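A.B. asks:
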Amino acid sequence: RPEVYADQLAAAKPGFEIAALVNLAITDDVAAGLWPMKATLGFYIGGMGAKGQNYHTKLMARMGFEAEAEKIQDLFFAGKRDEAIAAVPEDFADEISLVGPPARIAQRLEAWRKSPVTTLLVAGRDAQQLGQIADLVLDK
Numbered sequence: 123r124p125e126v127y128a129d130q131l132a133a134a135k136p137g138f139e140i141a142a143l144v145n146l147a148i149t150d151d152v153a154a155g156l157w158p159m160k161a162t163l164g165f166y167i168g169g170m171g172a173k174g175q176n177y178h179t180k181l182m183a184r185m186g187f188e189a190e191a192e193k194i195q196d197l198f199f200a201g202k203r204d205e206a207i208a209a210v211p212e213d214f215a216d217e218i219s220l221v222g223p224p225a226r227i228a229q230r231l232e233a234w235r236k237s238p239v240t241t242l243l244v245a246g247r248d249a250q251q252l253g254q255i256a257d258l259v260l261d262k
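Residues in the sequence shown are numbered from 123 upward in steps of one, following the working numbering.
1) By the 10 Å Cβ neighbour count, where 16 or more other Cβ atoms means buried, how is S219 classified, buried or exposed?
2) What first and last residue would you give for the alpha helix (DSSP H) that runs through T240?
3) Alpha carbon to alpha carbon, how far is E205 from E188?
4) Quick one: what's got a C-beta closer than 8 Å to P224's C-beta in the same chain, skipping five residues either side?
5) Exposed or buried, which one is Q195 when buried takes at least 16 other CB atoms within 10 Å?
6) What do you get for V244, buried or exposed, if any count of 16 or more other CB atoms within 10 angstroms of its CB means buried?
7) A147 lies in the beta strand (DSSP E); which residues open and close that run?
Right under this line is the structure:
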């Protein structure tokens, strides 16, 4: 979503590199694969910073999830961490992750290829899955 960073990128010098970190989970069960992503996002959006001073909450709001970001933060601050994690919308977690079977991930990679991102940093915990994503990327 280039529009989310349009202000920051407006003054970028030619050749400026843009790196994005995405988490990887190759699985047939997309919802289960998104759960660890939602857990991490719930912590960052809910608990990384004071109310009104959380970069991740503000970014989620700029991406069109303002009410959800506020709810996650409120739940987290109220000590309801599990509810905060559950409140992370799957479509938000999915948008910033690579989760699903290889064919779905290949489709999702196309969106990244069309974006201004110049380097995609893929984080995974499984060497076999990292090999699979390398094959998908290098085949293009």
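Think of the CB as a built atom: it goes at the ideal place given N, C-alpha and C, for glycine as much as any other residue.
Bear in mind that the values here come from a model prediction, so they are computed numbers and not experimental data.
C.D. replies: On the basis of the data shown:
1) Around the beta-carbon of S219, 16 or more other beta-carbon atoms lie within 10 Å, marking it buried.
2) Going by DSSP, T240 is part of no alpha helix (DSSP H) at all; its letter is neither H nor E.
3) Inter-residue distance for E205 and E188 is about 17 Å (C-alpha atoms, whole angstroms).
4) Excluding positions up to five away in sequence, the list reads I148, Q254 and L258.
5) That one is buried.
6) Buried: at least 16 other Cβ atoms inside 10 Å.
7) Here the beta strand (DSSP E) through A147 covers A141 to I148.
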